[in-house]
Amino acid sequence: MKQDPASAGTSSAAILDLPPLATANVGAGTVCYREASGPAGAPVVVLLHGFLATSGLNWMHAFAPLSRHFRVIAPDLCGHGGDAFERRRFTLEHCADDVAALIVGLRLTPVIIVGYSVGGMVAQHIARLHGGLIGGMVLSGVDWGSRQYGKASTLLYPAFMEATLRMVHLHACLLRAPLALSRRLGSRRRRGRERGPISTAASEFSGHNPRAIGGAAREITRFRSIDWLHEIEVPTTVLVTLRDSLFPPAEQRRMAQEIAAARVHEYDGGHVSARLPEYATALVSACLDVNSRMAGGRGA
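So the sequence shown is numbered by the working numbering: it starts at 17 and just counts up by one.
Below, the structure written as structure tokens:
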């Protein structure tokens, strides 16, 4: 799917307007995260990005619309982006522990956990291992380790390669931003030595730890929550990506059926839908749905 110049311009502006990367000391290590402040007293949404992405690349279109309703926290997962990868090996459970430590350290509870792709796997582990820290959950572009997914080892790596190429394509599209915007950004860089969209995107990728990325790929192929997903009881919205070639929509729906308090929303896009500005609108709706049910539960 080609990106039109208007979308490329929107992406260029979004990646240049990311919240700054902050660092929190948690336990014996650190966690890097981005924060967009919401209205006073707003509920907290914690965004977990996908494989090979970062908090900035995955959620660059979501910070602004979500921050109209929520305080937004988006960490870089183990070995991705700004994370120093202080662990000896990558596991999804370690990612869940790191995010839980960040939630405790920043005193955020209860939060809405939003997991996209691999972030959705981490979110499921958080709900299982640290359920007392979260009040609700949104899962998108992920399933529960379905049989089709588990048997697709020979197909999985090509699918990941396609997703990776699409992510790279997104940032290549930043080169095709409208000429006026390109000139303006070029003028700003010359005057203030500010970084442009391409160098900003490249710096996000450059922080990846190869050992962690390899471990993440291994963990993804082994993920399976089918046996324990029914234990999750928090209000959940599954935002099904209807044209997802990696996690079949039918399996995303079956995953939702296994969670007692789950509802299904839909987005007509593929596995890398988060790269599109329009996806943010669907994400805000899913988060508001979860928050309304959390508020109803507290009232009851």
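Beta carbons: idealized from backbone N, C-alpha and C, even for Gly.
Chain-order list of residues whose beta-carbon lies under 6 Å from that of residue i (same chain, five-residue window excluded)
i, result
"A296", "H77, A78 and P81"
"I129", "V62, A139, I142, I150 and M153"
"L124", "V60"
"S83", "A52 and G54"
"A228", "C94, G95, F101 and F106"
"M271", "D159 and W160"
Outcome for residue i when other beta-carbon atoms lying within 10 angstroms are tallied against a minimum of 16
i, result
"H287", "buried"
"T39", "exposed"
"D33", "exposed"
"Q273", "exposed"
"S53", "exposed"
"D243", "exposed"
"P59", "buried"
"R50", "buried"
"A290", "buried"
"A56", "exposed"
"A302", "buried"
"E109", "exposed"
"V122", "According to the sequence provided, residue 122 is Leu. The question's Val does not apply to it. Its Cβ being crowded by 16 or more others within 10 Å, L122 is buried."
"A44", "exposed"
"G322", "Here the chain covers residues 17 to 316 and nothing more, so residue 322 does not appear."
"A69", "buried"
"A298", "buried"
Alpha-carbon spacing of residue i relative to residue j, whole angstroms
i, j, result
"L73", "I89", "14 Å"
"S219", "S71", "13 Å"
"D284", "A278", "19 Å"
"P293", "I214", "18 Å"
"A117", "P91", "11 Å"
"G230", "C94", "12 Å"
"H246", "F86", "28 Å"
"G131", "P226", "22 Å"
"A276", "T253", "11 Å"
"R199", "N307", "Residue placement at R199 cannot be trusted, given a pLDDT of 45 that sits under 50; what the coordinates show is reported in the next sentence. Taking the straight line from one Cα to the other gives about 42 Å."
"F67", "G135", "8 Å"
"G98", "P35", "13 Å"
"F106", "A233", "10 Å"
"H332", "L155", "With the chain running from 17 to 316 in the structure shown, residue 332 is simply not present."
"E249", "F221", "36 Å"
"A196", "E235", "Residue confidence for A196 is low, a pLDDT of 44 falling below 50, so the modelled location carries little weight; the figure read from the coordinates is stated next. In a straight line, the C-alpha of A196 is about 44 Å away from that of E235."
"S133", "R103", "22 Å"
"D159", "L145", "18 Å"
"D113", "S241", "17 Å"
"L258", "S162", "16 Å"
"L262", "T216", "28 Å"
"V280", "G312", "18 Å"
"L37", "C48", "6 Å"
"G304", "C111", "It is worth fixing the name first, because residue 304 is Leu in this sequence and not Gly. Approximately 25 Å between the Cα atoms of the pair."
"P265", "M137", "16 Å"
"V115", "E282", "26 Å"
"E267", "R238", "16 Å"
"V127", "G147", "10 Å"
"V300", "H224", "28 Å"
"D260", "G157", "7 Å"
Close beta carbons around residue i, own chain, < 8 Å, minus the five adjacent residues each side
i, result
"V120", "V42 and L149"
"R269", "V254, V256 and V280"
Opposing strand residues paired with residue i [DSSP bridges]
i, result
"I128", "V61 and G152"
"H281", "L255"
"I89", "E51 and V62"
"N41", "T46"
Residues of its chain near residue i, where Cβ-Cβ distance is below 7 Å and the 5 sequence neighbours each way are ignored
i, result
"A310", "Checking the displayed sequence, the identity of residue 310 turns out to be Met instead of Ala. So the qualifying residues of the chain are G151, G152 and P251."
"T26", "P293"
"A30", "M76 and H77"
"H185", "Below a pLDDT of 50, predicted positions are generally treated as unreliable, and H185, at 48, falls in that range; the measurement from the model is reported next regardless. Excluding residues within five positions, none has a Cβ falling inside 7 Å."
"T46", "T39, A40 and A100"
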